[in-house]
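Q: The structure's right below; bear with me while I get my questions together.
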Amino acid sequence: ERQIFALYARGSSLGDIRDFMEDMYGVEISPATISRVTDKVLPQIEEWRNRPLESVYPFVFLDAIHYKVREEGRVVTKAVYCIIGVNQEGFRDLLGLYIGAAESAKFWMQVLTDLQTRGLEDILIACVDNLSGFVDAIQSIFPKTDVQLCIIHQIRNSKKYLSYKDTKEFVNDLKLVYKANSKDKAEHSLTKLDQKWGKKYPKVIESWR
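No gaps in the numbering here: position 83 of the sequence shown is 83 in this note's numbering, and each next residue is one more.
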């Protein structure tokens with residue numbers, strides 16, 4: 001059973017698990033039997049999904065990852081909504097995983113409501129991408145939360161407005177802003193960035209301000 005669980009957790013199909021067990025151990029197991037074994041983890045998964053959360057997380061990162069999955073004999077794309085919190089002791093905790101057809105602010109609203117139901121009362125800073133309506137969804141459930149854009153998404157968004165020949169130099173200059181070890185240094189670097197690139201890319205500079 002431990003071997004079946006290990007293969008199942010890695011994403012092996014029932015047929016692959018059956019073939020592996022036969023090749024490795026000389027044991028013939030039907031897919032139905034394998035399903036009965038893997039179904040034993042479902043109550044543990046439900047218990048984890050519904051476990052109580054801490055009341056306050058200083059930082060929470062919210063994003064969706066898209067995967068190709070097989071559903072009813074065809075391959076479709078699913079969005080897996082991932083929520084990672086940093087608790088008051090500084091440890092990271094995977095607060096939840098939710099599966100939807102695609103990423104949307106409406107589905108995020110359902111996710112945030114579930115987190116609240118499980119005991120989450122406040123988030124100090126939520127880090128998100130720039131999905132339309134996402135910030136409004138957060139602030140409707142957690143109105144005191146400060147929302148900041150993920151640095152990676154912010155950089156990608158900035159690069160959309162840059163000409164190809166300027167991208168490498170601009171991004172190198174930009175590192176002095178977001179890698180600064182103090183607010184004063186970040187603001188000083190942003191001022192220098194503005195002096196150098198502001199006339200050419202005012203929208204980008206404004207977005208960082």
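Even glycine gets a Cβ: it sits at the ideal position worked out from N, Cα and C.
For Q66, tell me which candidate among E103, R36, F91, D93 has the shortest Cα-Cα distance.
A: Going by the sequence as given, residue 66 is His instead of Gln. If we check each option's Cα against that of H66, E103 comes out closest.
Q: Write down every uninterrupted run of the alpha helix (DSSP H) in the region 129-194 whose length is 4 residues or greater and which is fully enclosed by it, in chain order.
A: Whole alpha helix (DSSP H) segments, 4+ residues: 134-141, 151-159, 164-178.
Q: Closest by CA to A39, which one among T145, Y8, L53, R49?
A: Checking the sequence, you will find Asp at residue 39 rather than Ala. Closest by alpha carbon: Y8.
Q: Bridge partners of D93, per DSSP?
A: Answer is G85.
Q: Can you check DSSP and say which residues form a bridge with L62?
A: BP columns for L62 point to I83.
Q: Please go through the same chain and pick out, in chain order, the residues whose beta-carbon is closer than 7 Å to the beta-carbon of E28, but skip the five residues on each side of it.
A: E22, listed in sequence order.
Q: Between the region 147-165 and the region 81-92, can you find at least three pairs of beta-carbon atoms closer than 8 Å?
A: Judged by Cβ distances under 8 Å, the region 81-92 makes no contact with the region 147-165, as fewer than three pairs qualify.
Q: I'd like the list of long-range same chain contacts for I17, defined as Cβ closer than 7 Å, with 5 residues on each side in sequence excluded.
A: Excluding sequence neighbours, I17 sits near I4, L7, Y8, I34.
Q: Go to G26, then tell me how far its alpha helix (DSSP H) extends in each direction, as first and last residue.
A: Per DSSP, G26 belongs to no alpha helix (DSSP H) and is neither H nor E.
Q: E206 by DSSP, collapsed to three states: which one?
A: Correct three-state label for E206: helix.
Q: Based on Cα-Cα distance, which residue from G90, W197, F134, G119 lies nearest to N50?
A: The shortest Cα separation from N50 among G90, W197, F134, G119 belongs to G119.
Q: I need the DSSP call for K106, collapsed to helix, strand or coil.
A: Correct three-state label for K106: helix.
Q: Would you call the CB atoms of I125 and P58 closer than 9 Å?
A: Yes.
Q: Between which two residues does the alpha helix (DSSP H) carrying G31 extend?
A: Here residue 31 turns out to be Pro, not Gly, going by the sequence shown. Residues 31-38.
Q: DSSP three-state call for R118: helix, strand or coil?
A: In this structure, R118 counts as coil in the three-state DSSP scheme.
Q: Among D129, K78, D136, which has the Cα closest to the Cα of S158?
A: Per the Cα distances, D129.
Q: How should I45 be labelled, buried or exposed, when 16 other C-beta atoms within 10 angstroms of its C-beta is the threshold for buried?
A: I45 is exposed by the Cβ-count criterion.
Q: Can you find the residues in the same chain that come closer than 8 Å, C-beta to C-beta, to A105, ignoring five residues on each side of it along the sequence?
A: The answer, listed in chain order, is L131, S132, G133, F134, D136, A137.
Q: Taking all protein chains shown into account, decide if L94 is buried (16 or more other Cβ within 10 angstroms of its Cβ) or exposed.
A: So L94 counts as exposed.
Q: Report all residues from its chain with a CB closer than 7 Å to the CB of A180; omit the five preceding and five following residues, and keep chain order.
A: For A180, where only same-chain residues beyond five positions count, the Cβ hits under 7 Å are A186, S189.
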